[in-house]
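So for the sequence shown, the working numbering puts the first residue at 365; every next one is plus one.
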Amino acid sequence: MSLVITNIGELVTNDPAAGDGADPLGVRRDVAVVVEDDRIAWIGAAAEAPLADADEVVDAEGRAVLPGFVDSHSHLVFAGDRSRDFEARMAGESYAAGGIRTTVAATRAASDEQLAAGVRRHVTEMRRQGTTTCEIKSGYGLTVEDEARALRIAGGFTDETTFLGAHVVPPEYAEDPAAYVELVTGPMLEAAAPHARWIDVFCERGAFDEDQARAILAAGAAAGLAGRLHANQLGEGPGVLLAAELGLTAVDHCTYLTDDDVDALREAGTVATLLPGVEFSTRQPYPSGRRLLDAGVTVAIASDCNPGSCYTSSMPFCIALAVREMGMTPAEAVHAATAGGAAALGRSDVGALRPGSRADIVLLDAPSHVHLAYRPGVPLISAVWIGGRIDNVVAPKEKE
Ligand code: NIG
Ligand code: FE
365 MSLVITNIGE LVTNDPAAGD GADPLGVRRD VAVVVEDDRI AWIGAAAEAP LADADEVVDA
425 EGRAVLPGFV DSHSHLVFAG DRSRDFEARM AGESYAAGGI RTTVAATRAA SDEQLAAGVR
485 RHVTEMRRQG TTTCEIKSGY GLTVEDEARA LRIAGGFTDE TTFLGAHVVP PEYAEDPAAY
545 VELVTGPMLE AAAPHARWID VFCERGAFDE DQARAILAAG AAAGLAGRLH ANQLGEGPGV
605 LLAAELGLTA VDHCTYLTDD DVDALREAGT VATLLPGVEF STRQPYPSGR RLLDAGVTVA
665 IASDCNPGSC YTSSMPFCIA LAVREMGMTP AEAVHAATAG GAAALGRSDV GALRPGSRAD
725 IVLLDAPSHV HLAYRPGVPL ISAVWIGGRI DNVVAPKEKE
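So this is what it looks like as structure tokens:
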């Protein structure tokens with residue numbers, strides 16, 4: 365099965381060798397892309413596109429094409445609603461990690477079918493907005509059975525599943541957090557590991573401290589799970605340095621960073637995943653993407669879609685925030701939402717469009733990637749292909 369997308373006005377490849385070298389997006393103009401089965405087979409001048417051999421030809425009409433967004437951080441297995449908390453924050457209350465327990469109670473009470481329907485609804489939302497790879501965490505079950513089922517359900521939608529039993533200490537262990545860490549590192553990990561690729565810890569005051577995070581990540585590594593961390597979200601803390609020391613692939617939030625944190629991230633090659641929707645939804649100060657990029661740190665942008673700290677599934681919205689509030693150029697923000705997300709998941713098959721990449725492709729209803737930030741809140745995603753197959757939630761634009 366072969367597909368040719370031709371008359372692409374601007375192609376974002378994320379292949380620095382393909383562009384003028386100065387821009388991280390490796391932009392090419394007036395090109396065509398050939399897809400064979402689930403992979404990119406060829407990229408070249410539109411005038412040379414092998415149209416006669418194609419099973420299907422799509423005319424991009426001069427619009428922009430980019431790699432699908434890679435959303436490396438979400439919490440989609442949940443039930444319930446915390447819009448009241450959001451309303452209170454907008455009236456001056458501050459975000460508290462304890463709100464997670466409200467969602468834990470609702471999630472435990474929900475059926476498997478209800479949870480799966482919620483994940484499906486949110487993954488569909490994501491695809492409509494150009495996300496073609498997403499990571500999904502557990503973390504609202506916090507019992508052996510509820511964490512395992514959250515990961516089983518998440519695994520129906522993505523390979524990038526993350527065990528977050530160490531989200532907060534649930535109420536029934538409030539008097540004995542050490543016993544909860546034993547549960548997480550013992551029976552809960554054993555039940556979760558077959559369904560997870562990653563293990564994550566919320567390393568923050570009010571959640572888990574550095575020693576607990578170390579113990580949980582070490583147990584996860586012994587069970588074959590790669591580590592990642594929620595860190596430095598509510599204040600400066602030890603999480604980012606711990607992530608760098610352990611050489612983790614990524615550390616997420618990074619809202620409050622010292623110069624030592626930034627240096628350590630660069631030295632370790634750990635990706636800093638910024639979650640601008642969280643700062644938007646909690647009214648916290650935005651971290652500077654500029655500072656990280658200037659220091660030579662790899663930056664990813666992700667949604668952190670969850671019912672508490674940030675209930676958006678929209679990567680275009682996060683890109684617009686990163687440009688407006690984090691000192692990133694549109695090109696840097698788009699790069700962070702595609703290649704950056706892929707780096708944060710240790711993936712080389714997604715986040716770029718070059719021969720051999722997975723054919724996860726977004727056609728914009730706009731002439732350039734800049735419009736993602738220039739036209740915030742506007743539905744610019746015209747078509748999405750995942751593994752070379754058109755995603756039916758987004759129909760290609762009708763020809764006039
Ligand atoms: O990534 N920081 C911890 N966990 C989530 C929030 C979860 C919630 O508030 O329900 C986050 O922001
Ligand atoms: Fe999160």
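Every residue, glycine too, gets a C-beta built ideally from N, C-alpha and C.
All of these numbers come straight from a predicted model, not from anything done at the bench.
Excluding sequence positions up to five before and after Glu509, its CB lies within less than 8 Å of the CB of Ala555, all in the same chain and listed in chain order. Going by beta carbons, Leu547 and Ile563 fall outside the 8 Å limit. Where Phe644 is concerned, the enclosing alpha helix (DSSP H) starts and stops at Pro640 to Thr646.
Looking at Gly741, Glu696 and Glu643, the one whose alpha-carbon comes closest to that of Asp387 is Glu696. Gly705 has its Cβ no nearer than 7 Å to any heavy atom of ligand 1.
In the three-state reduction of the DSSP assignment, Phe433 falls in the strand class. Less than 8 Å divides the Cβ of Pro694 from the Cβ of Ala737. Shortest Cα-Cα distance from Arg654 to any of Gln648, Thr619 and Gly599 involves Thr619. The beta carbons of Val615 and Arg592 sit about 7 Å from each other, so the pair counts as a contact at 8 Å. Around the beta carbon of Arg448, fewer than 16 other beta carbons sit within 10 angstroms, so the residue counts as exposed. With a cut-off of 7 Å, the C-beta of His735 is classified as distant from ligand 2, since no heavy atom of the ligand falls inside that distance. Rounded to whole angstroms, the separation of the alpha carbons of Thr525 and Val434 is 14 Å.
Ligand 2 never approaches Asp435 closely enough for any of its heavy atoms to be under 7 Å from the residue's Cβ. Annotation: Leu685 to Asp417 spans about 42 Å, alpha carbon to alpha carbon.
Boundaries of the beta strand (DSSP E) harbouring Asp394: Arg392 to Glu400, taken from the DSSP string.
In its chain, beyond the 5 residues on either side, Ala614, Thr662, Ala664, Ala707 and Ala708 have a beta carbon closer than 6 Å to the beta carbon of Val635. The nearest non-hydrogen atom of ligand 2 is less than 7 Å from the C-beta of His594.
DSSP places Glu420 inside the beta strand (DSSP E), whose first and last residues are Glu420 to Asp423.
The three-state secondary structure of Arg739, taken from DSSP, is coil.
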